[in-house]
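**Student:**
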Amino acid sequence: SPSAGLKFQDIPNGLAALSKVPSGGWAQMALYAAYCEVSQDQSPGTPAAAGDFGWKVLTSAEPEEKTKKLAAEIANGRLAMMAIIGMFFQDGLTGSAWGDWANYTDSPLRAFENELGVQAPVGFFDPLGLCKDGDEDAFKRRRTTELKNGRVAMLACMGYIVPEYFRFPGLCSTSQNLSFQEIPNGLAAISKVPGEGWFQWICFMGAIE
Numbered sequence: 046s047p048s049a050g051l052k053f054q055d056i057p058n059g060l061a062a063l064s065k066v067p068s069g070g071w072a073q074m075a076l077y078a079a080y081c082e083v084s085q086d087q088s089p090g091t092p093a094a095a096g097d098f099g100w101k102v103l104t105s106a107e108p109e110e111k112t113k114k115l116a117a118e119i120a121n122g123r124l125a126m127m128a129i130i131g132m133f134f135q136d137g138l139t140g141s142a143w144g145d146w147a148n149y150t151d152s153p154l155r156a157f158e159n160e161l162g163v164q165a166p167v168g169f170f171d172p173l174g175l176c177k178d179g180d181e182d183a184f185k186r187r188r189t190t191e192l193k194n195g196r197v198a199m200l201a202c203m204g205y206i207v208p209e210y211f212r213f214p215g216l217c218s219t220s221q222n223l224s225f226q227e228i229p230n231g232l233a234a235i236s237k238v239p240g241e242g243w244f245q246w247i248c249f250m251g252a253i254e
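To convert a position in the sequence shown, counted from 1, into my numbering, add 45.
1. Between residue 248 and residue 196, what straight-line distance do the alpha-carbon atoms span, to the nearest angstrom?
2. Taking buried to mean at least 16 other C-beta atoms within 10 Å of its own C-beta, is residue 54 buried or exposed?
3. Among the residues of its own chain, which have a CB less than 7 Å from the CB of residue 137, if the five just before and after it don't count?
4. Identify the residues that DSSP records as bridge partners of residue 224: which are they?
5. Count the other CB atoms within 10 Å of the CB of residue 176; is the residue buried (16 or more) or exposed (fewer)?
6. State the DSSP-derived secondary structure class of residue 168, mapped to helix, strand or coil.
7. Any idea if residue 217 is buried or exposed, counting beta-carbon neighbours within 10 angstroms, 16 or more meaning buried?
8. Judging by CA-CA distance, which residue of 188, 179 and 142 is the nearest neighbour of residue 163?
9. How big is the Cα-Cα spacing for residue 119 and residue 186?
10. Should residue 226 go down as buried or exposed, given a rule of 16 or more other Cβ atoms within 10 Å for buried?
11. Please confirm whether residue 67 and residue 88 have their CB atoms less than 8 Å apart.
12. Can you give the Cα-Cα distance for residue 141 and residue 242, rounded to whole angstroms?
13. With DSSP run on the structure shown, which of helix, strand or coil describes residue 277?
14. Nearest CA to the CA of residue 65: which residue from 50, 86, 109 and 77?
15. Pick out the complete alpha helix (DSSP H) segments inside the region 51–117, 4 residues or longer, and give them in chain order.
16. Report the CB separation of residue 208 from residue 230 in whole angstroms; it is logged as a contact under 8 Å.
17. Cα separation between residue 104 and residue 112?
18. For residue 245, does the count of other Cβ atoms within 10 angstroms reach 16, so buried, or fall short, so exposed?
19. Taking just the CA atoms, how far does residue 194 sit from residue 12?
20. Could you give the DSSP three-state label for residue 49: helix, strand or coil?
21. Looking only at C-alpha atoms, which of 126, 190, 133 and 108 sits nearest to residue 58?
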């Protein structure tokens, strides 16, 4: 900006640039974006309505190759949308899109950053912000719940894998003459195991609790 004596080198990267770029610059960018929107007919049925604005640098005349490139564009666009949100988030908290989380000194998660389970590369993992209030008792309750659910999940995974290779001999239910070999693997077993069998499991889990 000659009028403001502002060089490109003076403009910081990321969100910090919002306060440096003069209003005239933002107006120019808004007008350019509006021009891109209105300069072509985007009514239904037109090429522009389908995203074809005539930029043929990376396209192909071969339908199969063109479809492949369009699919790649969609996949990369989805990744880029997630990436820019992550960059905004990290920039806003640390001052840079590549900033060290150690710079986020106001994080309430620091109360638990040395707890068991804090592991690289994500560090203290709390994407829903459940621990942002810093409540130690609530944190310990959730950690206990996480351990118990994790143990159940590991057993559940084994319960899916083992029956593919091994089944107990004999009957699962003598009253219904149901053998273990007749019980399918996975969710289909829900309709085969008799109600008494489910009741036994519930009682066993209750006894452990």
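Note that beta-carbon positions come from the ideal geometry of N, C-alpha and C, so glycine has one too.
All values reported here derive from a predicted model rather than from experimental measurement.
**Tutor:** Working from what's here:
1. In this model, residue 248 and residue 196 are separated by some 18 Å (Cα to Cα).
2. Residue 54 should be labelled exposed.
3. Spatial neighbours of residue 137 in its own chain (CB-CB distance under 7 Å, excluding positions within 5 residues in sequence) are listed in chain order as 60.
4. Looking at the DSSP assignment, residue 224 forms a beta bridge with 216.
5. Taking all protein chains in view, the Cβ of residue 176 is crowded by 16 or more other Cβ atoms within 10 Å, so the residue is classified as buried.
6. DSSP places residue 168 in the strand class (E or B) of the three-state scheme.
7. With 16 or more other Cβ atoms within 10 Å, it is buried.
8. The shortest CA-to-CA distance from residue 163 to any of 188, 179 and 142 is the one to 188.
9. Looking at the two C-alpha atoms, the distance is approximately 42 Å.
10. Its Cβ having fewer than 16 others within 10 Å, residue 226 is exposed.
11. Cβ distance not < 8 Å, so residue 67 and residue 88 don't count as in contact.
12. Taking the straight line joining both Cα atoms gives about 57 Å.
13. Lying before the first or after the last residue shown, residue 277 is absent from the chain, which here runs from 46 to 254.
14. It is 50.
15. Runs of the alpha helix (DSSP H) inside the region 51–117: 68–83.
16. Contact between residue 208 and residue 230 holds: CB atoms are separated by about 5 Å, below the 8 Å threshold.
17. So the alpha carbons of these two residues sit roughly 9 Å apart.
18. Per the 10 Å Cβ criterion, exposed.
19. Residue 12 cannot be examined here, being either before or after the span of the chain that is shown, 46 to 254.
20. If DSSP states are grouped into helix, strand and coil, residue 49 belongs with coil.
21. The candidate whose alpha carbon is nearest that of residue 58 is 133.
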